Amino acid sequence: MGSVTAALAAFFRRHAPVPPGGLLVVAVSGGPDSLALLHALHALRGELRLRLHAAHLDHTLRGAQSAAEAAFVAETARAWGITATVASADVRALVREHRLNLHAAARAARYGLLARVAAEMGAHAVATAHHADDQAETVLAHLLRGAGPEGLAGMSAVVPYAEWSRATLDVRTLNVERSAAPTLNVAGSTVQRSTFNGQPPLIRPLLSVTRAAIEAYCAANGLEPRRVPSNEDRRYARTRIRRDLLPRLI
Numbered sequence: 007m008g009s010v011t012a013a014l015a016a017f018f019r020r021h022a023p024v025p026p027g028g029l030l031v032v033a034v035s036g037g038p039d040s041l042a043l044l045h046a047l048h049a050l051r052g053e054l055r056l057r058l059h060a061a062h063l064d065h066t067l068r069g070a071q072s073a074a075e076a077a078f079v080a081e082t083a084r085a086w087g088i089t090a091t092v093a094s095a096d097v098r099a100l101v102r103e104h105r106l107n108l109h110a111a112a113r114a115a116r117y118g119l120l121a122r123v124a125a126e127m128g129a130h131a132v133a134t135a136h137h138a139d140d141q142a143e144t145v146l147a148h149l150l151r152g153a154g155p156e157g158l159a160g161m162s163a164v165v166p167y168a169e170w171s172r173a174t175l176d177v178r179t180l181n182v183e184r185s186a187a188p189t190l191n192v193a194g195s196t197v198q199r200s201t202f203n204g205q206p207p208l209i210r211p212l213l214s215v216t217r218a219a220i221e222a223y224c225a226a227n228g229l230e231p232r233r234v235p236s237n238e239d240r241r242y243a244r245t246r247i248r249r250d251l252l253p254r255l256i
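The numbering used here puts the sequence shown at residues 7 to 256.
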């Protein structure tokens, strides 16, 4: 078993965030990390006894390119037999309306969509694809900004709903495409769509997995993720930490 699937199996054994037959909403950008996460969860869905629903938000910041990424996520989910919600929102308008920087507005919009989808679908948890390299970058960013012990602890593997939902914007999406089914088959038994009314935690099951391992998983499984140019733009502090600082520290 590869490190991605092994890490997922170990995470679910330890934390059991979704009961048998429960629903997990997976944030999918179409990049290597989230595509590997969705693929591995799909491969393990029988063993983990869970149902999956993919969620993607087009921030409408890169025109046709980001629209193509949204279409890619929708088609990939459809091909894998996974229900999905694909939406778009005017993030630049959110920047003006809420006086946020672009990254903060985009993140709040994404999490707002995840919270809405989780509530509408009755999800038991929401998963993101943050990994070990993201964790290292986060700790360094916090250190450089002068964070205290809590910030230096980095990202948590399981975040209560009350905590992660504080950083959301209930955005008015420009359009929403949702594929959904009233029943899904899990581990040989038909499970009705969840009526769970709790507050789903946010989980990060890949925090022990490196970016290199994720890239290797994508290559081994013939996945062709979409790459976002801004991830290589050194105008952003996160990119400078990733490309310039971290290699010098290792």
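Even for Gly, the Cβ is constructed at its ideal location relative to N, Cα and C.
None of these values were measured; they are calculated from a predicted model.
Taking the CA atoms as reference points, Thr144 sits about 32 Å from Glu81. Counting other Cβ atoms within 10 Å of its Cβ, Gly52 stays below 16 and is therefore classed as exposed. By a beta-carbon distance limit of 8 Å, Val31 contacts Ala61. Their separation comes to about 5 Å.
Nearest to Gly118 by alpha-carbon distance, out of Asp139, Ala173 and Ala99, is Ala173. Contact between Ala131 and Ile209 holds, since their C-beta atoms are separated by about 5 Å, short of 8 Å. The beta carbons of Ser40 and Ala219 sit no closer together than 9 Å.
For Arg116, the closest of Pro25, Glu75, Gln205 and Asp176 by C-alpha to C-alpha distance is Asp176. The beta-carbon distance between Ala42 and Leu229, rounded to whole angstroms, is 7 Å. This is short enough to meet the 8 Å contact definition.
A straight-line Cα-Cα distance of about 34 Å links Ala168 and Gln71. Going by C-alpha positions, Ala110 is about 18 Å away from Gln141. Beta-bridge partners assigned by DSSP to Ile88: none are found. If you compare the alpha carbons of Leu14, Ala83, Phe17 and Arg19 with that of Val34, the shortest gap goes to Ala83. As DSSP reads the structure, Ala131 sits in a beta bridge with Leu30.
Per DSSP, reduced to three states, the secondary structure at Ser35 is coil, with no helix or strand assignment.
Counting other Cβ atoms within 10 Å of its Cβ, Pro25 stays below 16 and is therefore classed as exposed. Here Ala22 is exposed, its C-beta having fewer than 16 other C-beta atoms within 10 Å.
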